[in-house]
Structures are given as structure tokens and as C-alpha cells.
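Asker:
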Amino acid sequence: DMIEAEELTDAVAIDTPKITQHWTDIAFSMVPTEDPDLNNARLDKSVRHALHLATNKAHIVDQFYLGLAEEGTTIIPPSNIFWHYRLSEEERVKVNLDAARTMLEASGYRDTDGDGIRECTSDSWVVKEGYEPAGRNLHLEMDVRREHPEEREIAMYLQDQWRSIGVDLHYNVYDEVTLNVKAYSWCYDAMIRSWSGGIDPNFQLFVLSARAIDGWSD
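If you read the sequence shown in this note's numbering, its first letter stands for residue 40, the second for the next number, and so on.
1. Measuring CB to CB, does G3 end up less than 8 Å from D162?
2. Find the nearest neighbour of P71 within the set R125, E171 and L197, judged by alpha-carbon distance.
3. Tell me, which residues are paired with Y148 by DSSP?
4. Which residue spans inside the segment 158-234 form an unbroken alpha helix (DSSP H) run of at least 4?
5. Taking only the alpha-carbon atoms, compute the straight-line gap between A251 and F245 and give it to the nearest angstrom.
6. In the DSSP assignment, find the unbroken beta strand (DSSP E) run with I120 in it and report its ends.
7. Enumerated in chain order, which unbroken segments of the alpha helix (DSSP H) with a length of 4 residues or greater are wholly contained in the segment 74-119?
8. Sorted by chain position, which residues of the same chain lie with C-beta nearer than 6 Å to R184's C-beta, five sequence neighbours on each side aside?
9. Output the boundary residues of the alpha helix (DSSP H) element that contains Q60.
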């Protein structure tokens, strides 16, 4: 026997983040490279923390997503109500350019030649570990997707924002297929790209862990 589908009489619109748990992030390669165009200073957590302090996510949401997004906080997106950890106001990272500059200075990244861009010095973790020579500019390459023009605009904004703390950023536009190939060959400094997840948080927690390095790590 055939079961007749009930007639749909009402359509309901929701004003919430996508239930696919889709999000967009700035990803950093955590694989050391000998490519002279890339910079292993991205491996230093102090550098990444300083860049976080210099990234105004509220401005990005309002300016480039027209307010139709929510600032990212913890790994599981807020649409997954059961597993999402919602930060308190005290736990949120506040935008603070002065704190970002202080952190880079204390971590050994200093503008020794007065050109506005910091250099790696003998006090930098990346020099001590032998990943970069002293005197190397704190320059990063960022890859963005051609299919998402707002990401190019975000990269342009970050160029100005990060330069204000002494970090030189250059962005490259690729089609999404090429960018994905670069992602899994780990030949990049930073990139803007997207992920989505299911109801079970295991996969999302896995791909952002050390256990996923050389595989699904993002």
C-alpha cells in the first residue's frame, strides 16, 4: 500500500545560523615548511594569539556579512545547542591592538629597522627552534576563495588591521578546488575557508586536534 504524504499547509522561516553548522574561519598551517615565500612564524602560538587580538570579528560580521552571521567562539557552533559551549563575556577574547603589539614585542618580534614591519630576532621562538633566521620579516601569505568575494574584502581589511601591529599580510585569490588542494598539501601560511559538521561533535573535535595532523587536520 502507498502511504500518502500529509499536505504541507505552512512554511516556517527561521532567523538563526544555518542548521548545517556551517562556519568560516581563518586557518593556519601547522606544518613547518622550507618554502621561502611562506613564514614559519605562524607556528608560534604567540603570533597567532596576537593576530587574534587584532582581528575584530564583530566588525567582520557587520561589515562583510551584513550582520547575517554570528561571531565564532568555540569549536562546536551555536546551532548545535546541546554540545555548544557558550563563552561568558569574561571568557571572550577582546580586540586589543596594544595588547597584540605588547605580545609580539615580548615574544621577540620587533621592528628593528623602523619600516613598520616586525622582524624575527634571536629572542623569537621561531628563531630559537631553527625554523626561521633572525632578521626575517613577519610576513604572511593568506589564501582566499574566488567564489566568496567577501573573503577577499576580509583579507583586505586584515591587511590593514594586522599591519597596525607590525605584521605584513599579502593575500592570494584561488578557485575553491585549488585552495582545497593547497589545504591538504599544507603549502600555505593562512587561508579563509569553511567547514560544516553534524550533530555528533566527534568529527569537528578530531579535525582540530593534533591527532589529525598529516590527515584531516584543519
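Using N, Cα and C, we set each Cβ at its ideal position, and we do this for glycine too.
Predicted model only: the values in this text are computed from it and were never measured.
Answerer: Concretely, from the data shown:
1. The displayed coordinates of the chain run from 40 to 257. Any statement about residue 3 would go beyond what the structure contains.
2. Looking up residue 71 in the sequence shown gives position 32. Nearest option by C-alpha distance: E171.
3. Counting from one through the sequence shown, the residue named residue 148 turns up at place 109. Answer by DSSP bridge pairing, in chain order: C159.
4. 164-167, 188-202 and 215-222
5. Here the question's residue 251 lines up with position 212 in the sequence shown. Here the question's residue 245 lines up with position 206 in the sequence shown. Roughly 6 Å between the two C-alpha positions.
6. As a working mapping, residue 120 is identified with position 81 in the sequence shown. Taken as a continuous stretch (DSSP letters only), I120 belongs to no beta strand (DSSP E), as it is neither H nor E.
7. 84-92 and 96-103
8. Position 145 of the sequence shown, counted from the first residue, corresponds to residue 184. These residues qualify, in order along the chain: E190, E215 and L218.
9. In the sequence shown, the residue the question calls residue 60 occupies position 21. Counted as a single uninterrupted DSSP element, the stretch harbouring Q60 is not any alpha helix (DSSP H), since DSSP gives it neither H nor E.
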